[in-house]
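In my numbering, the protein residues as written are 6 to 170. All C-beta atoms in this analysis are idealised placements derived from N, C-alpha and C, irrespective of residue type, glycine included. Below is one structure, written out as structure tokens, with a few remarks after it.
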């Protein structure tokens, strides 16, 4: 089929995943699988701690088309969960580093006598941004129902206040 790669990424075309798998279109299968990992949502937070307890939604918000290749939905959900975890790790690791510095009476900022004030400003602005985006208190990847792309958009809007020396 002409332009099958582009066609497979259009809305309501997730059935292409099965077609690509059946007919051995590895390039389309791989591209569409990656697209679904990044752009798909789930219906609710994972209750068991496993992404497999969630219902998978295609990028258009509808349940994924059936039939699907064996274990592919599970693989996509696991990939999605891993990417979400990796993205959430970024701001949460920054928080942990600031908390550790404050608890040990050391500092993360290098500002002489104002270093602890700088750390507090960064910490407060980061917590405030995470609160505004419903990412604080800390959430796990299984608790996030949006897509990887949506989380990336949220994280790109986080602003931290720094004190200049």
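Could you check if residue i is buried or exposed, using at least 16 other CB atoms within 10 Å of its CB as the buried criterion?
i, result
"residue 81", "buried"
"residue 62", "buried"
"residue 159", "buried"
"residue 13", "buried"
Comparing alpha-carbon positions, which option in the options lies nearest residue i?
i, options, result
"residue 59", "37, 140, 147", "147"
"residue 27", "70, 19, 74", "74"
"residue 45", "18, 167, 120", "18"
"residue 137", "163, 76, 123, 86", "163"
"residue 76", "90, 38, 89", "38"
"residue 155", "131, 16, 43", "43"
For the alpha helix (DSSP H) containing residue i, name the first residue and the last one.
i, result
"residue 10", "9-13"
"residue 148", "Element bounds for residue 148: n/a, residue is neither H nor E."
"residue 87", "77-108"
"residue 39", "31-44"
For a quick check, are the C-beta atoms of residue i and residue j less than 8 Å apart?
i, j, result
"residue 167", "residue 115", "no"
"residue 103", "residue 86", "no"
"residue 36", "residue 10", "yes"
"residue 96", "residue 131", "yes"
"residue 92", "residue 157", "yes"
Would you report the Cα separation of residue i and residue j, rounded to the nearest angstrom?
i, j, result
"residue 165", "residue 72", "46 Å"
"residue 106", "residue 122", "12 Å"
"residue 69", "residue 120", "51 Å"
"residue 84", "residue 117", "43 Å"
"residue 78", "residue 111", "46 Å"
"residue 33", "residue 15", "12 Å"
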